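Asker: Here the sequence shown stands for residues 126 to 238, where the numbers follow the numbering used here.
Where is the CB? At the ideal position from N, CA and C, for every residue including glycine.
Values in this document were obtained by computation on a predicted structure and should not be read as measured data.
So that we are looking at the same thing, I have put the structure below in structure tokens.
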Amino acid sequence: MGLGRRPFSTGPEPCGAPIGRGEYDEVSGLHEWYEWPAGTGPRTAQASLTWPQLLDQWPLIEADLHEAYGVDVGHRRLMRARSWRWLRVRVLGLLSADSRLARHLASPDKPSR
């Protein structure tokens, strides 16, 4: 079994990233499955997170939506044409990405509200 790696990465993972397990496929760059180190991962951060807490971080969400998905939330026609589900999926996706929002929520020294 090789070192844990992200798909298509070239080296070991930083702390808190999923670790590749099982056989490594050189062609696809993927392991058989991935596991999060104990106490890390998207479920840990999301376990007690509420939408009001999440939306308190709107400036981070807005910047991440633009960077990750190219979504300009200031574009009224675009946003009115999209459903709540469409936005919800993308905001929740930021929690499992390397985003400002995910880093802020994972930070042990974040200010309490």
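(1) Per DSSP, what kind of secondary structure is ARG207 in: helix, strand or coil?
(2) Look at the alpha carbon of PRO143 and the alpha carbon of PRO162, and state the distance between them as a whole number of angstroms.
(3) Would you kindly work out how many angstroms separate the C-alpha atoms of LEU220 and ALA227, rounded to a whole number?
(4) ASP150 by DSSP, collapsed to three states: which one?
(5) Mark VAL216 as exposed unless 16 or more other C-beta atoms lie within 10 angstroms of its C-beta, in which case mark it buried.
(6) Comparing C-alpha positions only, which one of ARG225, SER224 and ASP197 sits nearest to LEU212?
(7) In the DSSP assignment, the alpha helix (DSSP H) including ALA227 goes from what residue to what residue?
(8) Tell me where the alpha helix (DSSP H) around HIS200 begins and ends.
(9) Could you tell me the distance, in whole angstroms, from the CA atom of SER173 to the CA atom of LEU230?
Answerer: Looking at the coordinates:
(1) coil
(2) 7 Å
(3) 5 Å
(4) strand
(5) buried
(6) ASP197
(7) 225 to 231
(8) HIS200 -> no alpha helix (DSSP H), and no H or E assigned at all.
(9) 11 Å
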